[in-house]
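Trainee: I have a structure I would like to understand better, so I am pasting it below and will then ask my questions one at a time.
There are 2 protein chains.
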Amino acid sequence: MSEASEAVVLIGRKPTMNYVLATTMPLSEGKTVVLKARGRAISKAVDVAQVVTRRFVQDAEIQSVSIGTEEGRVGQDGRPRSVSTIEIRIAPKKSSAKKK
Amino acid sequence: MSEASEAVVLIGRKPTMNYVLATTMPLSEGKTVVLKARGRAISKAVDVAQVVTRRFVQDAEIQSVSIGTEEGRVGQDGRPRSVSTIEIRIAPKKSSAKKK
């Protein structure tokens, strides 16, 4: 496993399909993709992972899902706020790995 | 591990703290809790898991996170819709398990 062949897709406010396409491209080149999202974008990250693995790149699979908290973001009232995060790792299936 | 001592908390539209309390109670009795959410409630499920394990029940930990798709829900236009799902399993830490 080469860690260099990993792409990170940050999920934000754009439409889900934008991120689906951004994820499909590196996967089709055999790279692993890590989707990262915080706060309300977490639901969208899950949607992206599901659409990609079920409809677009069927020889890719969800390898791991982890959740966490990011601290130290300061809210409008000046107090530090925590925000939940998610990381979803999608990789080409081992069985379908081909030499090109 | 007894599968019977497992509580399921369905995350919906209520305030996050309602679900935090619903999760804290079975955990403090030594049970495993499975948080389940769909669609936009997914972000809230992650928030609940983070608040519970970081602030309320520090001798509990997130054991697994899995995501999926639920099919066959029919939208307003009569066509079937898929919705993303998440399941977060929170369990008392092994090291802190005590006989009571």
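Those sequence lines, one after another, are chains A and B. Going by the working numbering, the first sequence opens with residue 1, and the numbers climb by one from there. Going by the working numbering, the second sequence opens with residue 101, and the numbers climb by one from there. A virtual CB, placed ideally from N, CA and C, is assigned to each residue, including glycine.
Residues bridged to A:Ala-41 by DSSP?
Mentor: A:Ala-41 pairs with nothing; no bridge assigned.
Trainee: Taking 8 Å as the cut-off, decide whether the C-beta atoms of A:Leu-27 and A:Ala-49 are in contact.
Mentor: Not in contact: A:Leu-27 and A:Ala-49 (Cβ atoms no closer than 8 Å).
Trainee: Check this for me: beta carbons of B:Val-151 and B:Glu-170, under 8 Å apart or not?
Mentor: In this structure, B:Glu-170 does not lie closer than 8 Å to B:Val-151 by Cβ.
Trainee: Who are the Cβ neighbours of A:Ala-91 in its own chain at under 7 Å, not counting the five residues just before and after it?
Mentor: Answer for A:Ala-91: Thr-32, Ala-60, Glu-61, Gln-63, listed in chain order.
Trainee: In this structure, how does DSSP classify B:Lys-194 when only helix, strand and coil are distinguished?
Mentor: Helix, per DSSP.
Trainee: B:Pro-180: which of B:Glu-187, B:Ile-186, B:Gly-172 sits nearest, CA to CA?
Mentor: Looking at the Cα atoms, B:Gly-172 is the closest of the given residues.
Trainee: Hey, would you say B:Ile-186 sits closer than 8 Å to B:Val-157, going by beta carbons?
Mentor: Cβ atoms of B:Ile-186 and B:Val-157: not closer than 8 Å.
Trainee: Measuring only the C-alpha atoms, how far is B:Tyr-119 from B:Arg-189?
Mentor: For B:Tyr-119 and B:Arg-189, the distance between alpha carbons rounds to 14 Å.
Trainee: Whose CA, out of A:Pro-15, A:Gly-75, A:Asp-77, lies closest to the CA of A:Ala-41?
Mentor: Cα-wise, what sits closest to A:Ala-41 is A:Pro-15.
Trainee: So that I know if they touch, is there some Cβ in chain B lying closer than 8 Å to that of A:Thr-32?
Mentor: So, not an interface residue.
Trainee: Is it the case that the Cβ atoms of A:Ala-22 and A:Val-34 are separated by a distance below 8 Å?
Mentor: Not closer than 8 Å, so no.
Trainee: How would you call B:Arg-138, buried or exposed, if buried means at least 16 neighbouring beta carbons within 10 angstroms?
Mentor: B:Arg-138 comes out buried.
Trainee: Just reading off the beta strand (DSSP E) that B:Val-109 is part of, what are its end residues?
Mentor: 106-110 is the extent of the beta strand (DSSP E) around B:Val-109.
Trainee: Assuming the contact rule is C-beta atoms closer than 8 Å, A:Ile-11 and B:Val-146 should be a hit. Round their C-beta distance to whole Å, please.
Mentor: So it is not a contact: roughly 13 Å between Cβ atoms.
Trainee: Where in the region 30-89 of chain A do unbroken runs of the alpha helix (DSSP H), each at least 4 residues long, occur, reported from the N-terminal end onward?
Mentor: Whole alpha helix (DSSP H) segments, 4+ residues: 41-51.
Trainee: The alpha helix (DSSP H) spanning A:Pro-26 covers which residue range?
Mentor: A:Pro-26 -> alpha helix (DSSP H) spans 16-28.
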